[in-house]
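Participant: Next up is a structure, given as structure tokens.
2 protein chains.
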Amino acid sequence: MNTTNDALPDFAQIQAAAARIAPHAVVTPVLRNDALDALCGARLEFKCENLQRGGAFKFRGACNAVWALDDEQAARGVVTHSSGNHGNALALAAATRGITAHIVVPEGAVQAKVRAIQRAGAVLHRCAPTQAAREALCIQLQRETGAVLVHPYADTRVMAGQGTVALELLGQVPGLDTLITPVGGGGLASGVAIATHALEPSIRLFAAEPAGAADTAASLAGGARVAGMVPDTVCDGLRTLVGERNLDALREHHVTVITVSDAETVAAMRLLWEELKLVVEVSSATVLAAIRKSPELFAGHHVGVVLSGGNVDLDALPW
Amino acid sequence: MNTTNDALPDFAQIQAAAARIAPHAVVTPVLRNDALDALCGARLEFKCENLQRGGAFKFRGACNAVWALDDEQAARGVVTHSSGNHGNALALAAATRGITAHIVVPEGAVQAKVRAIQRAGAVLHRCAPTQAAREALCIQLQRETGAVLVHPYADTRVMAGQGTVALELLGQVPGLDTLITPVGGGGLASGVAIATHALEPSIRLFAAEPAGAADTAASLAGGARVAGMVPDTVCDGLRTLVGERNLDALREHHVTVITVSDAETVAAMRLLWEELKLVVEVSSATVLAAIRKSPELFAGHHVGVVLSGGNVDLDALPW
Numbered sequence: 559m560n561t562t563n564d565a566l567p568d569f570a571q572i573q574a575a576a577a578r579i580a581p582h583a584v585v586t587p588v589l590r591n592d593a594l595d596a597l598c599g600a601r602l603e604f605k606c607e608n609l610q611r612g613g614a615f616k617f618r619g620a621c622n623a624v625w626a627l628d629d630e631q632a633a634r635g636v637v638t639h640s641s642g643n644h645g646n647a648l649a650l651a652a653a654t655r656g657i658t659a660h661i662v663v664p665e666g667a668v669q670a671k672v673r674a675i676q677r678a679g680a681v682l683h684r685c686a687p688t689q690a691a692r693e694a695l696c697i698q699l700q701r702e703t704g705a706v707l708v709h710p711y712a713d714t715r716v717m718a719g720q721g722t723v724a725l726e727l728l729g730q731v732p733g734l735d736t737l738i739t740p741v742g743g744g745g746l747a748s749g750v751a752i753a754t755h756a757l758e759p760s761i762r763l764f765a766a767e768p769a770g771a772a773d774t775a776a777s778l779a780g781g782a783r784v785a786g787m788v789p790d791t792v793c794d795g796l797r798t799l800v801g802e803r804n805l806d807a808l809r810e811h812h813v814t815v816i817t818v819s820d821a822e823t824v825a826a827m828r829l830l831w832e833e834l835k836l837v838v839e840v841s842s843a844t845v846l847a848a849i850r851k852s853p854e855l856f857a858g859h860h861v862g863v864v865l866s867g868g869n870v871d872l873d874a875l876p877w
Numbered sequence: 559m560n561t562t563n564d565a566l567p568d569f570a571q572i573q574a575a576a577a578r579i580a581p582h583a584v585v586t587p588v589l590r591n592d593a594l595d596a597l598c599g600a601r602l603e604f605k606c607e608n609l610q611r612g613g614a615f616k617f618r619g620a621c622n623a624v625w626a627l628d629d630e631q632a633a634r635g636v637v638t639h640s641s642g643n644h645g646n647a648l649a650l651a652a653a654t655r656g657i658t659a660h661i662v663v664p665e666g667a668v669q670a671k672v673r674a675i676q677r678a679g680a681v682l683h684r685c686a687p688t689q690a691a692r693e694a695l696c697i698q699l700q701r702e703t704g705a706v707l708v709h710p711y712a713d714t715r716v717m718a719g720q721g722t723v724a725l726e727l728l729g730q731v732p733g734l735d736t737l738i739t740p741v742g743g744g745g746l747a748s749g750v751a752i753a754t755h756a757l758e759p760s761i762r763l764f765a766a767e768p769a770g771a772a773d774t775a776a777s778l779a780g781g782a783r784v785a786g787m788v789p790d791t792v793c794d795g796l797r798t799l800v801g802e803r804n805l806d807a808l809r810e811h812h813v814t815v816i817t818v819s820d821a822e823t824v825a826a827m828r829l830l831w832e833e834l835k836l837v838v839e840v841s842s843a844t845v846l847a848a849i850r851k852s853p854e855l856f857a858g859h860h861v862g863v864v865l866s867g868g869n870v871d872l873d874a875l876p877w
């Protein structure tokens with residue numbers, strides 16, 4: 559993507575992001591649940607990013623990117639493409655600085671997410687639901703408006719912002735030996751990997767990926783990034799392909815990817831709603847699905863579980 | 559009800575309850591939400607009793623009652639009737655002490671709640687969905703087993719336990735000037751009123767009641783307890799009539815009852831799911847419905863809002 563710097567952030571950049579977003583972001587709570595612990599034979603600490611501003615961790619990266627701009631850049635606004643949560647996050651982040659956000663939304667995005675983007679005051683641009691169409695319209699908008707592209711995941715500032723999830727979680731819960739996030743584009747998984755191992759190199763890292771969009775698992779297994787895959791999963795937040803640099807971070811930090819079926823994920827989503835009493839979106843449930851699927855990896859461990867978001871269409875629940 | 563002492567607890571009994579349940583109950587978090595604050599023009603502090611053990615505040619009262627028994631009483635077990643949450647709470651509380659719980663459940667109770675009672679290891683007894691049938695079977699079980707009745711709300715120990723919600727909330731959030739709970743039998747509303755005014759006599763107290771089960775509002779307005787009403791509301795947790803002593807407490811503490819329609823409550827429930835990202839049951843949403851219905855009473859105030867429970871049947875959502 560042109561005009562984007564997608565170099566991996568270092569720990570200092572993640573610490574700087576934490577300071578930059580502190581006036582705007584929510585320090586999300588960590589919840590525990592006896593029934594889920596018993597079910598998984600592990601001590602699970604759920605980091606509730608569904609309670610983050612905008613209902614997803616995405617606000618962290620978007621907010622860091624918006625406030626890292628100099629005044630002259632900020633005056634031209636920001637632009638991105640997003641199936642929903644990143645677009646909403648960038649719209650909200652732009653509003654905190656009083657600048658314009660142009661959001662490219664593919665047809666078929668979750669209506670609740672699209673409405674939230676509109677409410678946040680962003681300028682909405684529709685396109686066909688392909689990666690190529692999204693990127694092309696983004697480039698066109700950059701040319702026309704001079705707006706700065708804030709890529710959903712292949713962006714240093716965004717990865718640094720997402721990494722603050724781990725910074726915060728490790729400060730809230732001492733003694734974690736394992737951490738798991740979902741993986742789509744890899745902004746969260748890469749930022750969390752860098753922050754976690756800077757603080758605690760012995761923590762084991764996992765990422766949960768839908769079997770129908772398992773390009774990350776395939777890319778790590780094959781040694782080269784798998785680019786041509788067409789995602790087919792109910793997890794609307796995880797249909798993007800992993801970024802090149804994001805993949806580098808996962809490889810470097812020995813992140814193990816666990817793939818889960820949509821049926822496993824939907825069952826885990828129900829469990830989270832029924833037992834944890836939290837509204838989490840289906841993509842967020844991949845992590846619990848992975849823990850249930852691979853008890854040999856998690857039983858007896860003290861596990862940080864990142865619940866990535868809670869933006870659902872209550873009229874179209876997947877069960 | 560025979561064998562039950564339904565005298566109102568004093569503040570010392572509520573403090574004793576807090577100490578008694580501390581090893582077993584969850585200190586539930588308090589959540590805020592900018593969007594809901596903006597919508598209501600108030601600063602709302604949601605006390606998340608849906609995250610309490612068993613998914614409702616009811617565990618507090620049941621746990622206090624179970625652990626207040628002497629060993630000889632405890633050995634005979636406990637018995638109650640409940641549309642769900644109190645039954646589940648008593649089953650869980652009995653399990654913490656390793657004693658038997660007999661739970662009388664009326665036909666038509668929410669299936670998710672009935673399953674939870676069974677999982678907790680209680681002995682289930684079905685009856686017709688009338689107050690008379692519930693109480694008759696309870697009395698029969700007391701006679702047959704010697705079990706101690708733990709009434710859902712007309713019980714000193716239960717009211718004292720429910721009052722710990724306020725004790726905890728006021729310790730977590732300084733500066734509240736208003737507090738609202740739902741009212742059904744009145745165990746929560748009365749316990750909270752006593753605890754709140756012992757700590758902060760100037761706090762204004764409100765209770766939200768379904769229009770289809772508004773016996774409390776009618777009783778307070780008319781001066782005498784309305785007994786003959788047949789509840790007709792989607793709020794399954796609020797179909798019980800207010801207790802005599804509970805009503806005394808509401809009167810003494812000048813609790814203002816706000817009645818809300820089921821449509822207003824269901825709309826508020828959706829708002830809580832969508833904005834706060836919490837799974838709350840429909841009865842719990844009466845409080846937000848009341849705040850939205852009466853902005854003149856809440857705008858500009860700092861309001862403690864007790865979300866009473868989160869036990870829902872995900873296959874039978876009310877929208």
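Residue numbers (this note's numbering), protein chains in the order written: chain A, 559 to 877; chain B, 559 to 877.
We put the CB at the ideal spot given by N, CA and C, even for glycine.
In this text, all values refer to a predicted model and were calculated from it rather than measured experimentally.
I'd like to check one pair, proline 740/A with serine 819/A: are the Cβ atoms closer than 8 Å?
Facilitator: no
Participant: Name the DSSP bridge partner or partners of arginine 684/A?
Facilitator: Val663/A
Participant: Can you pull the chain A neighbours of valine 837/B, defined as C-beta to C-beta under 7 Å?
Facilitator: For valine 837/B, the residues of chain A that pass the 7 Å Cβ criterion are Trp831, Lys835, Leu836, Val837, in the order they occur in the chain.
Participant: Using the C-alpha atoms, what's the distance from arginine 684/A back to isoleucine 697/A?
Facilitator: If you draw a straight line from the Cα of isoleucine 697/A to the Cα of arginine 684/A, it comes to about 14 Å.
Participant: Can a CB atom of chain B be found closer than 8 Å to the CB of asparagine 500/A?
Facilitator: Outside the shown range of chain A (559 to 877) lies residue 500/A, about which nothing can therefore be said.
Participant: Please state whether the Cβ-Cβ distance between aspartate 773/B and methionine 787/B is less than 8 Å.
Facilitator: yes
Participant: Taking 7 Å as the cut-off, does the CB of glycine 862/B come closer than this to any heavy atom belonging to the ligand ATP?
Facilitator: Among the ligands in the structure shown, none appear at all, so the ligand ATP cannot be discussed.
Participant: Using the rule of at least 16 other Cβ atoms within 10 Å of the residue's Cβ for burial, across every protein chain shown, is asparagine 563/B buried or exposed?
Facilitator: exposed
Participant: Rounded to a whole number of angstroms, what is the C-alpha to C-alpha distance between alanine 747/B and serine 748/A?
Facilitator: 48 Å
Participant: Can you pull the chain B residues whose beta carbon is under 7 Å from the beta carbon of glycine 868/A, in chain order?
Facilitator: Lys835
Participant: So within the stretch 628 to 678 of chain B, which uninterrupted alpha helix (DSSP H) runs reach at least 4 residues, ignoring any that extend past its ends?
Facilitator: 629 to 633, 643 to 655, 669 to 677
Participant: For glycine 742/B, is the classification buried or exposed, using 16 other Cβ atoms within 10 angstroms of its Cβ as the cut-off for buried?
Facilitator: buried
Participant: Just checking: is the beta-carbon of tryptophan 877/A within a distance shorter than 8 Å of some beta-carbon in chain B?
Facilitator: yes
Participant: Please state whether the Cβ-Cβ distance between valine 624/B and alanine 652/B is less than 8 Å.
Facilitator: yes
Participant: Less than 6 Å between C-beta atoms, sequence neighbours within five positions excluded: which residues of the same chain meet that for alanine 659/B?
Facilitator: Val636, Leu648, Ala649, Ala652, Ala680
Participant: Please give the ranges of any beta strand (DSSP E) in the stretch 805 to 868 of chain B, keeping only runs that are unbroken, at least 3 residues long and fully inside the region.
Facilitator: 814 to 818, 860 to 865
Participant: For a cutoff of 8 Å on Cβ pairs, would you count alanine 857/A as touching chain B?
Facilitator: no
Participant: Can you check whether the C-beta of proline 587/A is within less than 8 Å of a C-beta belonging to chain B?
Facilitator: yes
Participant: Taking C-beta to C-beta, are leucine 829/A and asparagine 608/A nearer than 8 Å?
Facilitator: Contact flag unset, no.
Participant: Just checking: is the beta-carbon of glutamine 720/A within a distance shorter than 8 Å of some beta-carbon in chain B?
Facilitator: no
Participant: Can you list the residues of chain B that glycine 613/A reaches, using a CB-CB cut of under 9 Å?
Facilitator: Result: Glu832, Glu833, Lys835.
Participant: Expressed to the nearest angstrom, what Euclidean distance is found between the alpha-carbon atoms of serine 640/B and alanine 718/A?
Facilitator: 51 Å
Participant: Using 8 Å for Cβ pairs, my map puts isoleucine 572/B next to alanine 753/B. What's the rounded Cβ distance?
Facilitator: 5 Å
Participant: Would you say arginine 850/A and cysteine 598/A are within 8 Å of each other, going by their C-beta atoms?
Facilitator: yes
Participant: Where DSSP assigns a beta bridge to alanine 765/A, which residues make up the other side?
Facilitator: Thr739/A, Val815/A
Participant: Under the three-state reduction of DSSP, which class applies to arginine 797/B: helix, strand or coil?
Facilitator: coil
Participant: Within the 8 Å Cβ cut-off, does leucine 846/A reach chain B?
Facilitator: Not an interface residue.
Participant: For the beta strand (DSSP E) holding glutamate 603/A, just list the boundary residues, first then last.
Facilitator: 601 to 606
Participant: Given that arginine 828/B touches chain A, what residues does it touch there, using C-beta distances under 9 Å?
Facilitator: Leu872
Participant: Any contact between the stretch 720 to 738 of chain B and the stretch 663 to 677 of chain B? By contact I mean 3 or more CB pairs, one from each, below 8 Å.
Facilitator: no
Participant: Tell me whether alanine 583/B sits in a helix, a strand or coil according to DSSP, three-state version.
Facilitator: coil
Participant: What whole-angstrom Cβ distance do alanine 614/B and asparagine 869/B have, given they're in contact under 8 Å?
Facilitator: 6 Å
Participant: I need the boundaries of the alpha helix (DSSP H) containing methionine 717/B, first residue and last residue.
Facilitator: 714 to 730
Participant: To the nearest angstrom, report how far apart glutamine 710/B and valine 716/B are at their CA atoms.
Facilitator: Contrary to the premise, residue 710/B reads as proline rather than glutamine in this sequence. Whole-angstrom Cα-Cα distance: 7 Å.
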